[in-house]
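Protein chains in written order, with the working numbering: chain X, 8 to 188; chain R, 8 to 188.
There are 2 protein chains.
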Amino acid sequence: MSVRRHDPDRKDRIIDAAIAVIAEHGVAGTTHRLIAKAADVPLGSLTYHFTSLEDLRCQAFRRHAERMSVIYEAHFRAVHTREALVEAVTDLIEGDAGADASDWAVAYELYLAALREPALREVTETWMRASRAVLERFVDPTTARGIDALIEGLVMHKTLSTGPVSRQDIRVIVDRAIGSS
Amino acid sequence: MSVRRHDPDRKDRIIDAAIAVIAEHGVAGTTHRLIAKAADVPLGSLTYHFTSLEDLRCQAFRRHAERMSVIYEAHFRAVHTREALVEAVTDLIEGDAGADASDWAVAYELYLAALREPALREVTETWMRASRAVLERFVDPTTARGIDALIEGLVMHKTLSTGPVSRQDIRVIVDRAIGSS
DNA sequence: GAGGCTTGTGTACAGACGTACACAACTCGC
DNA sequence: GCGAGTTGTGTACGTCTGTACACAAGCCTC
Chain X
8 MSVRRHDPDR
18 KDRIIDAAIA
28 VIAEHGVAGT
38 THRLIAKAAD
48 VPLGSLTYHF
58 TSLEDLRCQA
68 FRRHAERMSV
78 IYEAHFRAVH
88 TREALVEAVT
98 DLIEGDAGAD
108 ASDWAVAYEL
118 YLAALREPAL
128 REVTETWMRA
138 SRAVLERFVD
148 PTTARGIDAL
158 IEGLVMHKTL
168 STGPVSRQDI
178 RVIVDRAIGS
188 S
Chain R
8 MSVRRHDPDR
18 KDRIIDAAIA
28 VIAEHGVAGT
38 THRLIAKAAD
48 VPLGSLTYHF
58 TSLEDLRCQA
68 FRRHAERMSV
78 IYEAHFRAVH
88 TREALVEAVT
98 DLIEGDAGAD
108 ASDWAVAYEL
118 YLAALREPAL
128 REVTETWMRA
138 SRAVLERFVD
148 PTTARGIDAL
158 IEGLVMHKTL
168 STGPVSRQDI
178 RVIVDRAIGS
188 S
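Given below as C-alpha cells:
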C-alpha cells in the first residue's frame, strides 16, 4: 500500500497547495480534501500539521501576503524617477510585475475573509502597511494611500471587465494620482 | 402545526434575506437553511421558488447591484459643480450616501464570486457600466474609470484598516483623481 | 360536498464536510 | 534484536449540506 514517505517540507507544500486551492475555488470551496489532493498528501496529514482548517487558511494567507510584499518591494527597487514610478505602477496593474490575476484573486479573498475573521486583520494590516511603505519612498503618505487604493481598484476592474482599460488609460490615471511629487 | 400562509411577496423577502445572509456570513457561509431562517420561511420554500442555491445567489446579487446603482444615481443627481463632485465622491467613500459597510461587503462578495461564476459577469458588467455612466456626466471616460476604481479601493482600505483615512485625506486624493475637469 | 388542480411544505436521502483517534511505520538507545 | 517513544495515516463518526418528492392545504368549478 501507500508507504509512509520521508518528506521534510511537507508542511510548506500543504500551505502552498492551500493557496492554490483558494485561488482556484475561493474560500467558499476550500476543503481539507481538496488541499490534500492538491498537495498529494493523505487527509490525516492536514489535521496533523494544522489544528483546524481556519488555522491552515490563516497561514496560507499570511504566506501569500508576505510574497506579495516581496514582489512589491522588488518591483519598485530600481525606481528613482517620477517617470519610472508611473511606469512601475502601471506595470503592476497590468500584471507585468510577478503578480498575476490568480495572485490578486487570493489577495481579494484575504480581504473579504478578514472582514469576518479578526485573526486575519493582522495579516491585512501588515500587508497594507508594507505596500504603503514602499510607495512612501516616492510620495507623501496620503498620496501613497491613494495610489495603493487605486492599484487595487484598477486591478479588480481589469480582472472583471470584458472591455479592459488600455495601458495608455492606466498610465494617465496613475500619473494624475501621483500628482506633482 | 404551522399553517400555510398567504404571502404574496415571499419570493422578494427570500432574496432580501439572502442578501442579508451574504452580508453577514459571506458566500462561503450562505446556505439554504440560514436564508430560510432569516426570511422566516420553511426550507422547502427556497427550492420551490429557486431552482438552486446558485440561482438564488445570482438573483440576490442582481438585486443588490441594482440598488447600488440607484444609490449612485440619486447621490450624484444634485451635483453640478466640480467642488460638489469632490464632496459627493468623498461622502460616498465615507459611507454617508446610503451605502454602508455591509452593502460594500456584499459588492465585494459579488466581485469575487463573479471571478468564478460566469453567470455573474453580466451583473458586475452592468453595475460597473452604470456607475461609470454616472461619473461620465462630469468627467471624461478615462477619469471616470479611475474615480470608480479609486472609490472601491478606498472603501476597501477604509473598511479593513484599523487606522482609517481622514476625511481631509480622502478629499485630497479624490480631488487629484478628478483632475482639472 | 365532491372532485380535480394549483400551491406550498415537512421530511428524507445521498453525499461531502471537519475532525478525532486507534493503530501502523519508523527511529533510536541499548 | 528489541522495546520504548515518536511520527504519520487510514478510517470512521457525527453533522451539515443541497435537493427531491410525497403529500397536505387551499381554491375553483360543478
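Ideal placement from N, C-alpha and C gives every residue a C-beta, glycine not left out.
By the 16-neighbour rule on beta-carbons within 10 angstroms, X:Asp19 is exposed.
In this structure X:His87 is exposed. Its beta-carbon is surrounded by fewer than 16 other beta-carbon atoms within 10 angstroms. Counting C-beta pairs with one atom in each stretch, the region 56-75 of chain X and the region 147-167 of chain X have fewer than three that are closer than 8 Å, which means they do not touch. X:Gly105 does not reach chain R, its nearest Cβ partner there being about 20 Å away, counting only Cβ pairs nearer than 7 Å. Taking the CA atoms as reference points, R:Lys44 sits about 18 Å from R:Asp62.
Counting along the chain, the unbroken alpha helix (DSSP H) around R:Val113 starts and ends at Ala108 to Arg123. Linking X:Val146 to X:Glu101 through their CA atoms gives a straight-line distance of about 21 Å.
Nearest C-alpha to R:Asp14 among R:Leu41, R:Pro49 and R:Ile26: R:Pro49.
Per DSSP, the continuous alpha helix (DSSP H) segment holding R:Ser76 begins and ends at Leu60 to Phe83. Secondary structure note for R:Ser168: it is in no alpha helix (DSSP H), with a DSSP letter that is neither H nor E. Cβ contact annotation for X:Phe83 (same chain, cutoff 6 Å, sequence separation greater than five): Ala95 and Val141, in chain order. Taking the Cβ atoms as the reference, X:Glu159 lies roughly 4 Å from R:Gly160, within the contact range of under 8 Å. Flagged as an interface residue toward chain R: X:Val34, by a C-beta distance shorter than 8 Å. In this chain, the alpha helix (DSSP H) harbouring R:Asp98 covers Arg89 to Glu101. R:Val77 sits exposed, since fewer than 16 C-beta atoms from the chains shown fall within 10 Å of its C-beta. Closest in alpha carbon position to R:Arg139, among R:Ala126, R:Ala156, R:Ala24 and R:Val93, is R:Ala156. Of R:Asp98, R:Arg123, R:Arg174 and R:Glu143, the smallest CA-CA separation from X:Ala112 is found for R:Arg123. The shortest C-alpha to C-alpha distance from X:Asp16 to any of X:Leu119, X:Ala46 and X:Gly51 is the one to X:Ala46. Contact of X:Ser138 with chain R is not assigned, every C-beta pair being separated by 8 Å or more. Taking a beta-carbon distance threshold of 8 Å, X:Val179 counts as an interface residue toward chain R. Put simply, the CB of R:His39 is far from chain X, with every gap to its CB atoms at 8 Å or more. Taking 8 Å as the cut-off, the Cβ atoms of X:Asp110 and X:Met75 count as close. Residues Val93 and Thr97 of the same chain have their beta carbon placed closer than 7 Å to that of X:Arg178, with the five preceding and five following residues left out of the count. A residue is called buried once 16 or more other Cβ atoms fall within 10 Å of its Cβ, and R:Arg64 is buried on that count. Taking 8 Å as the cut-off, the beta carbon of R:Met163 is found closer than this to the beta carbon of X:Tyr118. Using a Cβ distance threshold of 8 Å, X:Arg89 and X:Ile185 count as a contacting pair.
Close CB contacts of X:Thr37 within its chain, under the 8 Å cut and outside five residues either way in sequence, are with Ala25, Val28, Ile29, Leu60 and Arg64 (chain order).
Separation of R:Pro148 and X:Lys165 (C-alpha to C-alpha, rounded to the nearest whole angstrom) is 15 Å.
The C-alpha of X:His39 is placed about 28 Å away from the C-alpha of R:Leu167. In this model, X:Phe57 and R:Thr54 are separated by some 37 Å (Cα to Cα). Scanning its chain for C-beta atoms nearer than 6 Å, with the 5 sequence neighbours on each side dropped, one finds around X:Tyr79 the residues Ser138 and Val141, in chain order.
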